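**Student:** Letter by letter, the sequence shown follows residues 1 to 261 of the UniProt record's numbering.
Please find one structure pasted underneath; my questions will follow.
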Amino acid sequence: MIDMLFVSLEVSLAVLAVLAVSPLLMRRYSRKWRYWVWLLFAVRLMIPYRLELPAAPVSVSVPEIITVTTVTEEGAEPIPETAAEPGPRDKTGTVRTADETRRAIDVRSAGIFVWAAGAAAFFGVHTAAYMVFRRRVKPYLVHESEHVYRCARIESPVLVGFIKPMIILPEADYSDEEREIIVKHELTHWQRRDMWYKLVLLIANSVHWFNPIVYVMVRRANADLEYTCDDAVVRGSDAEYRKLYSMVILKTMGSVKRRNR
Numbered sequence: 001m002i003d004m005l006f007v008s009l010e011v012s013l014a015v016l017a018v019l020a021v022s023p024l025l026m027r028r029y030s031r032k033w034r035y036w037v038w039l040l041f042a043v044r045l046m047i048p049y050r051l052e053l054p055a056a057p058v059s060v061s062v063p064e065i066i067t068v069t070t071v072t073e074e075g076a077e078p079i080p081e082t083a084a085e086p087g088p089r090d091k092t093g094t095v096r097t098a099d100e101t102r103r104a105i106d107v108r109s110a111g112i113f114v115w116a117a118g119a120a121a122f123f124g125v126h127t128a129a130y131m132v133f134r135r136r137v138k139p140y141l142v143h144e145s146e147h148v149y150r151c152a153r154i155e156s157p158v159l160v161g162f163i164k165p166m167i168i169l170p171e172a173d174y175s176d177e178e179r180e181i182i183v184k185h186e187l188t189h190w191q192r193r194d195m196w197y198k199l200v201l202l203i204a205n206s207v208h209w210f211n212p213i214v215y216v217m218v219r220r221a222n223a224d225l226e227y228t229c230d231d232a233v234v235r236g237s238d239a240e241y242r243k244l245y246s247m248v249i250l251k252t253m254g255s256v257k258r259r260n261r
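If you want it as structure tokens, here you go:
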């Protein structure tokens, strides 16, 4: 538990450092470097153990010895007695009683239980929402072409499926050119394995559900994921295509906002 808290603090400081230097680096570099940095941080959060240097080849622990001198009769020679130091000690060298040790174990067990319950609940809620969404839209899917479906029950294009991609488009008045752009955008997400990227973020967020900095990192990572996907789609295109692409993205976002009012 202590190691996990240490890793959470360690990554939190790294996240704050990245956010602090981002305005300077964004002037010269694209968001792609942050896309990979967030993934690196998420993987580190999934490994809740301290990364320490290897110990010395030979390590010998010598118990402390207490020498007690006992005097018997007058003129008799003192008899030295030795005894190992009693009682378990903590890391500071303080001797713990059995009750103190038991209370420390109880507090640690309670902390582990609360953390595990929170992590399971966080991951379970998000996983259940994904499964419910798939089950809810399945009866209304209309197949259009390979990997592409239409559904009247959604408000914006969405990609589902980790192995076999399924692009679901809303019942909107898209032109052929706009539809092609949307499908290309979602396929780019699948080709980049962004669904797996988001799964790693979800697991990291679940493990560190108690850390608000991790939530900030996940939001920034998802935003950078979309920006880098946009860059990949329009890479090598002329100005006219880039303008059209931006208009399609804005149109999609605008339709969602209008329906949410």
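For each residue, glycine too, the CB sits at the ideal point set by N, CA and C.
Source: prediction; values computed, not measured.
Using a Cβ-Cβ cut-off of 7 Å (strictly less than) and excluding sequence neighbours within five positions of ALA119, which residues of its own chain qualify?
**Tutor:** SER206, VAL207, TRP209
**Student:** Ignore the nearest five residues each way along the sequence and tell me which others in PRO170's own chain have a CB closer than 8 Å to its CB.
**Tutor:** Sequence-distant partners of PRO170 (beyond 5 residues in either direction) whose C-beta falls short of 8 Å from its own C-beta, in its chain, are ARG150, CYS151, ALA152, ILE154, GLU155, SER156, PRO157, SER255.
**Student:** Less than 8 Å separating the beta-carbons of PHE41 and VAL11?
**Tutor:** It is a contact, given that the beta carbons lie within the stated cut-off.
**Student:** Are there three or more Cβ pairs, one per stretch, closer than 8 Å when the region 210-218 is compared with the region 229-249?
**Tutor:** no
**Student:** Between the beta-carbon of LEU5 and the beta-carbon of PHE123, is there less than 8 Å?
**Tutor:** no
**Student:** Where do the N-terminal and C-terminal ends of the alpha helix (DSSP H) with ARG179 fall, by residue?
**Tutor:** Under the DSSP assignment, ARG179 falls in the alpha helix (DSSP H) whose first and last residues are 176-191.
**Student:** Taking a contact to mean a Cβ-Cβ separation below 8 Å, would you say ARG31 touches TYR227 in this structure?
**Tutor:** yes
**Student:** Pick out the complete beta strand (DSSP E) segments inside the region 106-172, 3 residues or longer, and give them in chain order.
**Tutor:** 142-145, 148-151, 158-160, 166-170
**Student:** Between the C-alpha atoms of ASP224 and ARG34, what's the straight-line distance to the nearest angstrom?
**Tutor:** 7 Å
**Student:** If you count every other CB in all the chains shown that lies within 10 Å of the CB of VAL148, and 16 or more means buried, which is it?
**Tutor:** buried
**Student:** DSSP three-state label for LEU9, please.
**Tutor:** helix
**Student:** So PRO212 is in the alpha helix (DSSP H); what residue range does that whole segment cover?
**Tutor:** 212-234
**Student:** Mind checking whether ILE163 and VAL183 have CB atoms under 8 Å apart?
**Tutor:** no
**Student:** Can you tell me the Cα-Cα spacing of LEU159 and ALA14, whole angstroms?
**Tutor:** 31 Å
**Student:** Please check if any C-beta of chain B sits within less than 8 Å of the C-beta of ALA20.
**Tutor:** Among the protein chains of the structure shown there is no chain B, as only one such chain exists.
**Student:** Go ahead and pull the three-state DSSP assignment for PRO48.
**Tutor:** coil
**Student:** Thinking C-beta only, is VAL200 closer than 8 Å to VAL43?
**Tutor:** yes
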